[in-house]
Amino acid sequence: MSEAPEVNRGPVVTPLRVVIALCLFAPFVAMLWVGSYAKTDPAFIGIPFFYWYQMLWVLLSTLLTVTAYKLWQFDQRGRRNQGGGAAK
Amino acid sequence: MNDGVNGVALAVFIFFFLAVTVMGFLAARWRRADDEHSLDEWGLGGRSFGTWVTWFLLGGDLYTAYTFVAVPAAIYAAGAAGFFAVPYTILVYPLIFTFLPRLWSVSHKHGYVTTSDFVRGRFGSKGLSLAVAVTGILATMPYIALQLVGIQAVLDVMGVGGGEDTNWFVKDLPLLIAFGVLAAYTYSSGLRAPALIAFVKDTLIYIVIAVAIIYIPIKLGGFDDIFAKASDAFAQPNPATGAPRGALVPGDAGQWTYATLALGSALALFMYPHSITATLSSRSREVIRRNTTILPLYSLMLGLLALLGFMAIAAGVKVKNGQLAIPQLFEDMFPDWFAGVAFAAIGIGALVPAAIMSIAAANLFTRNIYKDFIKPDATPREETRVSKLVSLLVKVGALVFVLTMDKTVAINFQLLGGIWILQTFPALVGGLFTRWFHRWALLAGWAVGMVYGTVAAYGVASPTQKHFGGSSKEIPGIGEIGYIGLTAFLLNVVVTVVLTFVMKALKAPEGVDETSPSDYTADAGDPGVKVELPPATAGAGH
Chain A
19 MSEAPEVNRG PVVTPLRVVI ALCLFAPFVA MLWVGSYAKT DPAFIGIPFF
69 YWYQMLWVLL STLLTVTAYK LWQFDQRGRR NQGGGAAK
Chain B
469 MNDGVNGVAL AVFIFFFLAV TVMGFLAARW RRADDEHSLD EWGLGGRSFG
519 TWVTWFLLGG DLYTAYTFVA VPAAIYAAGA AGFFAVPYTI LVYPLIFTFL
569 PRLWSVSHKH GYVTTSDFVR GRFGSKGLSL AVAVTGILAT MPYIALQLVG
619 IQAVLDVMGV GGGEDTNWFV KDLPLLIAFG VLAAYTYSSG LRAPALIAFV
669 KDTLIYIVIA VAIIYIPIKL GGFDDIFAKA SDAFAQPNPA TGAPRGALVP
719 GDAGQWTYAT LALGSALALF MYPHSITATL SSRSREVIRR NTTILPLYSL
769 MLGLLALLGF MAIAAGVKVK NGQLAIPQLF EDMFPDWFAG VAFAAIGIGA
819 LVPAAIMSIA AANLFTRNIY KDFIKPDATP REETRVSKLV SLLVKVGALV
869 FVLTMDKTVA INFQLLGGIW ILQTFPALVG GLFTRWFHRW ALLAGWAVGM
919 VYGTVAAYGV ASPTQKHFGG SSKEIPGIGE IGYIGLTAFL LNVVVTVVLT
969 FVMKALKAPE GVDETSPSDY TADAGDPGVK VELPPATAGA GH
């Protein structure tokens, strides 16, 4: 699955869009690499690492998705202004 | 367990249940449109929901009562392996960020109500659309049945529903009443009913989790004690297998299973008809993107909830049926009145998704079986009537399922349903981004995935079951144990790609694509995309 252009102006792949893709892709690397977090230490308030680390990633992935969302809006605005007037 | 009825808890439960019943019927008047006799109105709430309603609706829809009972139950039974639900729900949101807005746009532009509508429009293939529709209905039915299992667990712990010796009618009467009420307001109010009730459900759930995660550890002496006790319990050998019962952290062998289950489930979630119904009811594509940034709050809650499984072990909850572990924990730990609130949260938590699922399955039947194959000239009013009736039938079917068959049958089918629904991914998500895939190749890939998944799941034995004993099996060629659904999905993709090359070489007819590239990016307010679709869209010639 690739990021699809919503406003079809300008190049499809831009540095901004690469950053968006990375934001969306990072959680997959972190979560599917189970070996990186399958351990009990260090514990946090008595909760083993395995559990609090994944819950931390709920927050991290949310921040990343928010970032992707904001960047996407920025990307779209930029393209609309470039073309002038209502986009699409 | 059945040591008498917990009167206070039951009273609180009934209070909340009555409250949402009234709301369910009043919901018909909420944001009512001029013409309520169209499928857009009844089945998609007029496609009018904003960010917050959509958030509650999707949250209420995806995080079901069964989830609340089953995830901690899995932790209670085996430890770490059950926690895959958390990475699973983490991965869902970046994933849907990429494709769901496109589905929203094209569906609004063409008046699609179901995913099968889209598949038929995109690939010009009624056969492929039928395959997607049937898969959706098959996967949804056992899911509805499991919602009933969730309500049953709560009723059991409250002491209503009786013991083994009461006759079946008295035993099942509370469940029959609950479902009768649910069926009645879904029939009259459509998607508006679960949307409104979801507010109550989620508020209750958040309150219960917030209290549970602070109050119970204090009573049990902190997380250190809880995990120490759980660790001891997991080290005890399972009498059936002789192996330890579980582990706090997945071992090397379990890591593939953990990752493939998380990924496969994440890919599958938004293939379920009820997820799509809730998505398409939103007002604009921005609502969907914004929701991918706020829905993870539910994942956090799910993670906290999963920890309750450890608390149940530490609190010494002993149940034969793991599904009862969490309701029993609430009953043991909380004062009666608050246990009632917690039970109400689970009970209402079952009603919201059950309503949405039955609407989604009914829409699939009406649009992609009834209209496509039985009565092509059905008017929107007729469509709505058929959908309402089918939503009743679907629920009655689920009820019969739960009352007449063993619970494990529902669980087995739910497991299969997850594997099956994932096989519609290439047609749906593939179709959203490219028209390269050939329709016949997609159909063949789907069939191969379905057959492989079913056969493989049939062959999995567990200490208690000869077949359907689990959802993971050795991945051919890799040798690790992985989620069957994901293996079937990969096979499906390989077959689809190879056959697409073959079909193109043979110049097999491609079918007519009624969509155009700009349809996938259209937003509310653009030409041809009305914020509220007129009822005529359903009959506008596709």
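Protein chains in written order, with my numbering: chain A, 19 to 106; chain B, 469 to 1010. Even glycine gets a Cβ: it sits at the ideal position worked out from N, Cα and C.
- If we cut at 7 Å on Cβ distances, does A:VAL84 have a partner in chain B? yes
- Taking all protein chains shown into account, decide if B:ILE842 is buried (16 or more other Cβ within 10 angstroms of its Cβ) or exposed. exposed
- Could you name the residues of the same chain whose beta carbon sits closer than 7 Å to that of B:PHE483, not counting the 5 residues immediately before and after it, in chain order? none
- Span of the beta strand (DSSP E) around B:ILE837: Premise fails: B:ILE837 is in no beta strand (DSSP E) and is neither H nor E.
- Query: Are B:TYR838 and B:VAL820 close, meaning C-beta to C-beta below 7 Å?
  - Reply: no
- Task: Quick one: residues in its chain with C-beta nearer than 6 Å to the C-beta of B:VAL602, no 5 flanking neighbours on either side, listed in chain order?
- Result: none
- Message: Tell me which residue opens and which closes the beta strand (DSSP E) that B:TYR531 is part of.
- Response: Segment: none, B:TYR531 is in no beta strand (DSSP E) and carries neither H nor E.
- Which whole-angstrom value is the C-beta distance of B:LEU1016 and B:LEU910, which I expect to be below 8 Å? Beyond the ends of chain B as shown, which are 469 and 1010, falls residue 1016 of chain B; an answer cannot be given.
- Proximal chain A residues relative to B:SER767, where beta-carbon distance stays under 7 Å: VAL76
- Query: Closest Cβ-Cβ distance between B:PRO718 and chain A: below 7 Å?
  - Reply: yes
- Compare the C-beta of A:PHE92 with all C-beta atoms of chain B and state if any pair is closer than 7 Å. no
- Counting only the same chain and skipping the five closest in sequence on each side, list residues whose C-beta sits under 8 Å from that of B:SER584. SER597, LEU598, VAL600, ALA601, GLY604, LEU832, ARG835 and ASN836
- Report yes if the CB atom of B:VAL473 is closer than 7 Å to the CB atom of B:VAL628, and no otherwise. yes
- Scan the segment 757-803 of chain B and note each continuous alpha helix (DSSP H) run of 4 residues or more that stays entirely inside, going in chain order. 764-782 and 793-801
- Message: Tell me the DSSP secondary structure of B:ALA976 in three-state form.
- Response: coil
- Query: Thinking C-beta only, is A:VAL76 closer than 7 Å to B:THR761?
  - Reply: no
- Task: Just tell me which of B:VAL862, B:PRO562, B:THR728 and B:LEU641 has its CA closest to the CA of B:LYS954.
- Result: Note that residue 954 of chain B corresponds to Leu in the displayed sequence, not to Lys. Checking every option, the nearest Cα to that of B:LEU954 belongs to B:THR728.
- Residue span of the beta strand (DSSP E) that contains B:LYS697, given as start and end: Counting along the chain, B:LYS697 falls outside any beta strand (DSSP E), though it belongs to the alpha helix (DSSP H) covering 690-703.
- Message: For B:ASN759, count the other beta carbons within 10 Å of its own beta carbon; 16 or more makes it buried, fewer makes it exposed. Which is it?
- Response: buried
- Local conformation of B:ILE814 per DSSP, three classes: helix
- Query: Would B:TYR683 count as contacting chain A if we go by Cβ distances under 7 Å?
  - Reply: no
- Determine the contact status of B:ILE814 and B:PRO569, defining contact as a CB-CB distance below 7 Å. no
- Query: Is DSSP giving B:GLU851 helix, strand or coil here?
  - Reply: helix
- Query: So what's B:GLY599 in DSSP terms, helix, strand or just coil?
  - Reply: For the sequence presented, residue 599 of chain B should be read as Ala rather than Gly. Correct three-state label for B:ALA599: helix.
- Please classify B:HIS935: is it buried, with 16 or more other beta-carbons within 10 angstroms of its beta-carbon, or exposed? exposed
- Query: Using a beta-carbon distance cut-off of less than 9 Å, what residues from the segment 662-689 of chain B approach chain A?
  - Reply: PRO685
- Message: Suppose you measure from the CA of B:PHE1015 to the CA of B:PHE702; what does that come to, to the nearest Å?
- Response: Lying outside 469 to 1010, the shown extent of chain B, residue 1015 of chain B is not represented and no answer is given.
- Is there a Cβ from chain A that is less than 7 Å from the Cβ of B:GLN723? yes
- Item | Delimiting residues of the alpha helix (DSSP H) encompassing B:ILE482 | 475-494
- Task: Compute the distance between the beta-carbons of B:ILE952 and B:GLY917, then report whether it is under 7 Å.
- Result: no
- Query: What number of angstroms, rounded off, separates the C-alpha of B:PHE517 from the C-alpha of B:ARG751?
  - Reply: 5 Å
- Item | Given 8 Å, three or more beta-carbon pairs between the segment 781-794 of chain B and the segment 539-550 of chain B | yes
- Assigned secondary structure, A:PHE62 (DSSP; H/G/I helix, E/B strand, else coil): strand
- Message: So if DSSP puts B:ILE681 in a beta bridge, which residue, or which two residues, is it bridged to?
- Response: DSSP output for B:ILE681 lists no bridge partner at all.
- Cα-Cα separation, B:VAL476 to B:ALA661: 28 Å
- Task: Note down, in chain order, all residues in the segment 534-563 of chain B with a beta-carbon under 7 Å from any beta-carbon belonging to chain A.
- Result: ALA548, PHE551, VAL554, PRO555, ILE558, LEU559, TYR561 and PRO562
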